Amino acid sequence: MHTTLCGHAIGAPIEYAMVAMEQGINVMTITCHIPMEWEAFGQAGIRMRRDQLDQYRSLVHDTAEKAKPLGVEVLCGIEAEVYPDEAQMEPMDEILAEYEWDFVLGSLHAQCRSYLTWLKKNKVNDDAMRIDSYFRHLKDGAQSGRYDSMSHPDVIRTYGVVSGFKPAEHEDVIRDFLQAVVDEDICMEVNTSGLTKGDFEVHPDPLILDWASEMGVKLTIGSDSHRPNSVGQFFDTIQPMLGEKGFKDLHYFRGRKRIRIDMPKWD
Ligand SMILES: [Zn+2]
Ligand SMILES: [Zn+2]
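Quick note: the sequence shown, position 111, residue 113 per this note's numbering, numbers continuous.
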């Protein structure tokens with residue numbers, strides 16, 4: 003979940019924790035967007051500034067104290083970026099190294115101006131090429147050693163970057179990405195925010211979850227909440243599906259160490 007520091011979320015973190023408590027969720031990791039102070043990255047005001055990081059961390063730690071009596075453990079994570087130009091990743095790597103994080107997500111926000119520019123510059127014009135390129139970059143991200151879990155793995159289907167997404171037509175490249183997640187012993191995120199927008203489908207697509215289950219991919223789960231009342235959104239609807247696909251457990255991270263839990267039952 004996010005904080006108002008990124009400029010496109012609402013509500014105080016303690017309100018998110020209160021909804022978590024109501025939803026029967028006892029561990030909540032705040033993963034606001036990492037600062038990207040690179041002019042061409044994207045629209046202004048969609049990420050916190052680097053000089054707000056200390057404020058972010060104290061906000062999360064204060065929330066953790068306040069949420070203890072609610073029975074909700076609040077952890078301090080960050081949603082980092084995946085991007086094909088390594089030179090642009092250096093300031094981000096400094097931030098990842100400078101602070102102790104509980105959890106680092108790896109996201110390729112294909113809708114950001116920087117990635118759209120990259121696609122254009124490299125003449126990746128049609129939808130099929132764009133989707134293949136997206137999953138190849140996600141695979142590179144999985145292999146980079148930066149991230150604990152690869153988030154909203156098929157978000158390229160949302161926000162109009164491509165006009166349609168049929169995972170079956172990209173099975174090889176998607177399986178390559180999943181294999182990298184397995185080989186690197188990291189996780190993939192099931193992100194329920196996809197059910198509220200675009201194709202109204204979970205990230206990743208249920209077919210990708212079939213492949214992931216078959217290949218032994220480990221999962222984290224996130225609601226990607228940008229407002230308190232979406233905390234835990236659709237966890238209850240998604241959980242039986244994950245069970246049917248053979249997933250028996252979920253994972254979260256504390257101090258960047260993976261912790262396994264039995265698949266919870268939300269109802
Ligand atoms: Zn956001
Ligand atoms: Zn994201």
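Note that CB positions come from ideal geometry on N, CA and C, so glycine has one too.
As the structure is a computational prediction, the values presented were derived from the model and not from experiment.
What are the partner residues of Leu-107, as DSSP defines its beta bridges?
Within the sequence shown, numbered from 1, the residue matching residue 107 stands at position 105. DSSP, once it has assigned bridges, lists Glu-81 and Ser-151 as partnering Leu-107.
Val-62 vs Met-30 beta-carbon contact at 7 Å
For the purposes of this step, residue 62 is taken as residue 60 along the sequence shown, with counting starting at 1. For the purposes of this step, residue 30 is taken as residue 28 along the sequence shown, with counting starting at 1. Contact: no.
Residues in its own chain within less than 7 Å of Val-126 by CB, not counting five upstream and five downstream?
Translated into the one-based positions of the sequence shown, residue 126 becomes position 124. Counting only Cβ-Cβ distances below 7 Å, and skipping sequence neighbours, we find Arg-132 and Ser-135.
Among the candidates Ser-60, Glu-88 and Ala-42, whose CA atom is the shortest distance from the CA of Asp-142?
In the sequence shown, residue 142 corresponds to position 140, counting from 1. Taking only the C-alpha atoms, the option nearest Asp-142 is Glu-88.
Let me have the residue list for ligand 2: C-beta closer than 6 Å to any non-hydrogen atom, ordered along the chain.
Glu-81, Ser-109, His-111, Ser-153 and His-154
Please state the DSSP three-state secondary structure of Val-192.
One-based indexing of the sequence shown puts residue 192 at position 190. Strand.
Pocket of ligand 1 defined by Cβ to heavy atom distance under 6 Å:
His-4, Cys-8, His-10, His-35 and His-228
Using alpha carbons as the reference points, say which of Tyr-149, Pro-266, Val-163 and Phe-236 lies closest to Thr-33.
Here residue 33 refers to the residue found at position 31 when the sequence shown is read from its first residue. Of Tyr-149, Pro-266, Val-163 and Phe-236, the residue nearest in Cα terms is Tyr-149.
Counted within 10 angstroms of its Cβ, other Cβ atoms place His-10 as buried (16 or more) or exposed:
Here residue 10 refers to the residue found at position 8 when the sequence shown is read from its first residue. Looking at its Cβ environment, which holds fewer than 16 other Cβ atoms inside 10 Å, His-10 is exposed.
Taking the continuous alpha helix (DSSP H) assigned at Lys-141, which residues delimit it?
By 1-based counting over the sequence shown, the position of residue 141 is 139. That run of the alpha helix (DSSP H) goes 129 to 145.
For Asp-104 and Asn-193, what's the separation of their Cα atoms in angstroms?
Counting from one through the sequence shown, the residue named residue 104 turns up at place 102. Counting from one through the sequence shown, the residue named residue 193 turns up at place 191. Approximately 19 Å, taken between the alpha carbons.
On the three-state DSSP scale, how would you describe Cys-34?
For the purposes of this step, residue 34 is identified with residue 32 of the sequence shown, where counting begins at 1. It is a strand residue.
Contact set for Met-2: own chain, Cβ-Cβ below 7 Å, skip 5 residues either direction:
As displayed, the chain neither begins before 3 nor continues past 269, which places residue 2 out of reach and without an answer.
Could you round the C-beta distance between Ile-36 and Glu-81 to whole angstroms and report it? I think they count as a contact, below 8 Å.
Here residue 36 corresponds to residue number 34 of the sequence shown, with the count starting at 1. Here residue 81 corresponds to residue number 79 of the sequence shown, with the count starting at 1. Sure, about 6 Å apart at Cβ, within 8 Å.
What residue ranges within the stretch 159 to 216 form continuous alpha helix (DSSP H) runs of no fewer than 4 residues, ordered along the chain?
173 to 185
Going by DSSP in three states, His-228 sits in which element: helix, strand or coil?
Position 226 of the sequence shown, counted from the start, is the residue given in the question as residue 228. Coil, per DSSP.
Expressed to the nearest angstrom, what Euclidean distance is found between the alpha-carbon atoms of Pro-155 and Tyr-161?
Here the question's residue 155 lines up with position 153 in the sequence shown. Here the question's residue 161 lines up with position 159 in the sequence shown. So the two alpha carbons sit approximately 14 Å from each other.
What do you reckon, are the CB atoms on Asp-238 and Ser-195 nearer than 7 Å?
To locate residue 238, count along the sequence shown from 1; it is residue 236. To locate residue 195, count along the sequence shown from 1; it is residue 193. The answer is no: Cβ separation not under 7 Å.
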